[in-house]
Each structure stands twice: as structure tokens, then as C-alpha cells.
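Below: the structure, in C-alpha cells.
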Amino acid sequence: MIPDLLPNMIPDLNLATQLLFGGSGLALFLLGAWSFLIHAPLLRKLIALNVMGAGVFHILVAVAYRGLDTPPDPVPHALVLTGIVVAVSATALGLAFGQRLDQDEDGAADD
Amino acid sequence: MSAPRTSLWPAIAIAGLLGGLGLLLAWAFLTALLGYEGERLAEIALARVPDSGVSNPVTAVLLNFRAYDTLLELAVLLAALLGIWSLGPASLPYGAPEPVLARLVGWVVPLLVLSAGYLLWVGGHAPGGAFQAGALLGAAGVMLRLAGYASAGLPRRHLQPVLMAGGLLAFVAVGLIQTALGLGFLTYAPASAKWVILLIETAATLAIGATLAAAFVGGDPARVPRPASGGAPAP
Numbered sequence: 001m002i003p004d005l006l007p008n009m010i011p012d013l014n015l016a017t018q019l020l021f022g023g024s025g026l027a028l029f030l031l032g033a034w035s036f037l038i039h040a041p042l043l044r045k046l047i048a049l050n051v052m053g054a055g056v057f058h059i060l061v062a063v064a065y066r067g068l069d070t071p072p073d074p075v076p077h078a079l080v081l082t083g084i085v086v087a088v089s090a091t092a093l094g095l096a097f098g099q100r101l102d103q104d105e106d107g108a109a110d111d
Numbered sequence: 112m113s114a115p116r117t118s119l120w121p122a123i124a125i126a127g128l129l130g131g132l133g134l135l136l137a138w139a140f141l142t143a144l145l146g147y148e149g150e151r152l153a154e155i156a157l158a159r160v161p162d163s164g165v166s167n168p169v170t171a172v173l174l175n176f177r178a179y180d181t182l183l184e185l186a187v188l189l190a191a192l193l194g195i196w197s198l199g200p201a202s203l204p205y206g207a208p209e210p211v212l213a214r215l216v217g218w219v220v221p222l223l224v225l226s227a228g229y230l231l232w233v234g235g236h237a238p239g240g241a242f243q244a245g246a247l248l249g250a251a252g253v254m255l256r257l258a259g260y261a262s263a264g265l266p267r268r269h270l271q272p273v274l275m276a277g278g279l280l281a282f283v284a285v286g287l288i289q290t291a292l293g294l295g296f297l298t299y300a301p302a303s304a305k306w307v308i309l310l311i312e313t314a315a316t317l318a319i320g321a322t323l324a325a326a327f328v329g330g331d332p333a334r335v336p337r338p339a340s341g342g343a344p345a346p
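Those protein sequences? They're chains A and B, same order as listed. If you count the first sequence from 1, position 18 lands on 18 in the numbering used here, and the numbers rise without skipping. If you count the second sequence from 1, position 72 lands on 183 in the numbering used here, and the numbers rise without skipping.
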């Protein structure tokens with residue numbers, strides 16, 4: 001019953017879908033940015049950076065959506081794939097830095 | 112164990128600034144959705160997909176229309192791995208696995224390799240492709256490392272750079288060959304585009320899988336771990 005009423009309640013279902021998905025991506029981005037700036041430990045900053053990345057991917061996918069019957073825009077989807085790979089490698093490098101910093105702290109604390 | 116309490120005023124100020132940034136970004140997003148006029152890139156890209164050599168639009172964009180972007184992405188992966196290798200030796204390997212884990216890994220890793228091969232091939236006409244297949248291979252390497260295989264399924268150390276740089280080298284070589292043929296850097300002839308893309312994707316899959324597994328190893332396997340200072344036992 002509700003799905004039949006939806007086209008009358010929301011004039012543009014595509015736009016509502018894009019706003020919902022992109023808006024949640026924007027919220028993720030802002031939450032991740034807040035955590036990145038506020039929290040000090042490196043692991044929390046790396047997780048916050050990944051949450052920001054997930055938010056950006058949400059926004060890109062929302063921009064690419066063109067409805068249930070139309071094929072989506074492939075260019076933002078390719079950008080998201082590239083972004084995922086870059087985010088993973090940057091996180092790996094950041095974790096390696098953190099590991100090395102911990103080892104150096106342990107070594108210095110022994111003296 | 113608890114982190115030090117963050118002071119209140121900077122937190123409120125940053126929250127306010129981020130709220131302002133959020134409003135700006137929301138306005139930009141709304142303008143992007145509602146305010147554009149003219150042709151979107153989607154129509155141009157989707158119209159040229161039949162000439163690109165593959166029928167999946169995302170693979171066509173990634174490996175044909177924006178191939179240079181994908182080449183640079185492989186370079187980013189390689190640069191991150193070089194950074195990880197330069198930071199220190201590999202972390203200590205895990206111990207021998209329990210029988211259940213060993214048997215499970217014996218089943219799952221070959222399935223992962225098979226699925227990676229399938230994703231590589233199906234990327235031409237359905238969601239899939241080099242990066243998805245490379246991620247599965249990387250996951251297989253992570254599973255092997257967690258089950259006690261210190262090498263994470265990778266070859267010997269002096270062969271690893273060949274594997275990882277091979278993806279990038281194949282991509283650049285194909286681009287230069289296309290230039291030598293007179294078509295332009297990374298511009299494919301429609302007749303041979305499918306096989307050129309498959310060649311690049313195969314080399315890229317191996318490179319991505321190897322790089323992700325080596326990143327999980329966490330350091331350079333060729334280096335010797337430093338002894339702890341002051342005679343204290345190593346952690």
C-alpha cells in the first residue's frame with residue numbers, strides 16, 4: 001500500500017534516493033572528519049580516515065544513480081573503485097608507520 | 112587504558128566548523144544533482160562502450176577511457192608497498208595452525224584463487240575485473256599468513272619486485288606499443304581492444320594480489336629484525 005502512495009508523496013523518487021544516500025555519505029564524511037581532528041591515537045585517526053573515505057564513496061555512488069530503469073553513470077563508479085584501492089594502500093602504509101613508531105618507543109623506553 | 116579526556120572548547124569549535132563545512136558541501140551536492148545543464152559524461156561514455164572492446168561500462172571506463180588513471184593507481188599501490196618495505200623488517204609470523212584452521216585454509220584458498228580467475232574473466236561483461244580479482248588474491252595471501260605460512264603465498268623475496276612491478280610495467284609497455292603503432296598512448300584499436308585489456312588486467316591482478324599480501328606481511332622479509340636494546344627480551 002505504501003509503495004503505491006510513494007510516487008504521490010515524493011514527486012521525484014530518484015532525487016529522494018540520491019539525497020538519502022548522498023546525505024548519509026555526507027554525514028559519514030563529517031563524522032569521520034570530526035574524529036580525525038579530535039582523537040589523538042594513530043589507529044583512531046586511520047579508522048576515521050577510512051570512514052571519511054566511505055562517505056565520499058557514498059556521495060559518488062549517489063551522483064551516479066539515475067533510476068531503476070536507466071544504467072548508472074559508469075564514471076563515478078570507476079572513481080570509487082580507484083578510491084577504494086588508494087584508501088587501502090594508504091591505510092596499510094599508515095599502519096606500517098604506526099608499527100614502526102611503537103617499536104621505536106619500546107626500544108627507547110628500555111634505555 | 113582510557114584515552115585522556117579531550118578538552119571541551121576545541122571539540123565544540125571543531126564541531127561548529129565542520130557543521131559549516133557540511134552546509135557548504137550539502138549545497139554543492141544539491142547543486143550537482145539539480146543545477147546541471149547540458150550533456151552528462153554518462154551518455155558519452157555509455158554510447159562508446161560497444162567500441163571499447165568490453166561490454167561492461169565500468170570496465171570500459173577503467174581500462175579504456177580512463178586507462179591512464181588506472182595506471183597511476185597501480186603506481187600508488189607500488190609506492191605504498193615500497194614505503195612499507197622501507198620501514199623495517201616483516202613482523203614475526205604466526206605459529207602453526209590448529210587442525211580445523213589448517214583444513215579450512217586448504218579448502219578456501221584454492222576457491223579464492225579460482226574465484227579470482229573467474230572475476231578477472233567475467234569483468235568484460237559483468238561486474239568484475241582486475242581490482243576485484245586482485246583483492247581476492249590478496250585475501251588468499253592474508254589467510255595463508257594467518258594460518259602460519261610466513262611467506263603469505265608469495266614467491267622468494269628477490270622475485271617479489273618482478274611480480275609487483277610487472278603489472279605497472281605491462282601497462283606502460285602496452286601504452287608505449289600503442290604509441291609506436293601510431294594510435295596514441297593507451298589508445299586501443301577497437302578490433303584488438305578486448306585482448307589488450309585482458310592482457311593488462313591479468314598482469315594487474317597478479318600485481319595487486321601480491322602487493323596486498325606483501326602489505327599484510329608488514330615489512331621487508333629480507334631484513335633481519337633489530338635486536339632489542341639493553342638486553343631486554345624482544346616483544
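Think of the CB as a built atom: it goes at the ideal place given N, C-alpha and C, for glycine as much as any other residue. Computed from a predicted model, the values in this text were never measured in an experiment.
Asked: Beta carbon of B/ILE359 nearer than 8 Å to that of B/ASN167; Found: The requested residue 359 of chain B is not part of the displayed model; chain B covers only 112 to 346.
Asked: Identified DSSP bridge partners for A/PRO72; Found: In the DSSP output, where bridge partners are listed per residue, A/PRO72 has none listed.
Asked: Below-8 Å beta-carbon distance, B/ILE311 vs any chain A residue; Found: no
Asked: Coil, strand or helix - B/ASP162 by DSSP; Found: helix
Asked: Between the CA atoms of B/LEU192 and B/GLY234 - distance to the nearest angstrom; Found: 26 Å
Asked: Residues that B/ASP331 bridges to, as DSSP identifies them; Found: B/PRO200
Asked: Beta-carbon proximity check, B/GLY245 vs B/LEU255, cutoff 8 Å; Found: no
Asked: Cα-Cα separation between B/GLY252 and B/ALA321, rounded to whole angstroms; Found: 8 Å
Asked: Nonlocal neighbours in the same chain, by C-beta distance under 6 Å from B/THR170, ignoring five residues either side; Found: GLY234, GLY240
Asked: Residue ranges of each alpha helix (DSSP H) within the region 204–255 of chain B, 4 or longer; Found: 210–233
Asked: Any chain B beta carbon closer than 8 Å to A/ASP69; Found: no
Asked: Residues of the region 78–89 of chain A with Cβ closer than 7 Å to any Cβ of chain B, in chain order; Found: ALA78, LEU81, THR82, VAL85, VAL86, SER89
Asked: Run of the alpha helix (DSSP H) containing A/HIS39, from where it starts to where it stops; Found: Where A/HIS39 is concerned, there is no enclosing alpha helix (DSSP H), given that its DSSP letter is neither H nor E.
Asked: Candidates B/LEU157, B/ILE155, B/PHE242: closest to B/THR316 by CA position; Found: B/PHE242
Asked: Assigned exposure category for A/ALA92 - 16 Cβ within 10 Å defines buried; Found: buried
Asked: Where B/ALA333 falls, given that 16 or more other Cβ within 10 Å makes a residue buried; Found: exposed
Asked: Stretch-stretch touch, CB-based, cutoff 8 Å, three pairs: the region 70–78 of chain A with the region 22–40 of chain A; Found: no
Asked: Contacts that B/VAL224 makes with chain A (C-beta to C-beta distance below 7 Å); Found: What B/VAL224 touches in chain A: nothing, since even the nearest Cβ is about 20 Å away.
Asked: Minimum Cβ-Cβ distance from B/ALA326 to chain A less than 8 Å; Found: yes
Asked: Residues of the region 34–59 of chain A with Cβ closer than 9 Å to any Cβ of chain B, in chain order; Found: TRP34, LEU37, ILE38, HIS39, ALA40, PRO41, ARG44, ILE59
Asked: Alpha-carbon spacing of A/ALA48 relative to A/PHE36, whole angstroms; Found: 5 Å
Asked: Where the alpha helix (DSSP H) containing B/PHE140 begins and where it ends; Found: 119–145
Asked: Segment contact flag, the region 278–297 of chain B with the region 325–332 of chain B, C-beta cutoff 8 Å, min 3 pairs; Found: no
Asked: Interfacial residues, the region 135–147 of chain B to chain A, with Cβ spacing under 7 Å; Found: LEU136, ALA137, PHE140, ALA143, LEU144
Asked: Three-state secondary structure (DSSP) of A/ASN14; Found: helix
Asked: Beta carbon proximity, B/LEU203 to chain A, threshold 8 Å; Found: no
Asked: Pick from B/ALA126, B/TRP306, B/SER163, B/LEU279 that is closest to B/ALA186, judged by C-alpha positions; Found: B/LEU279
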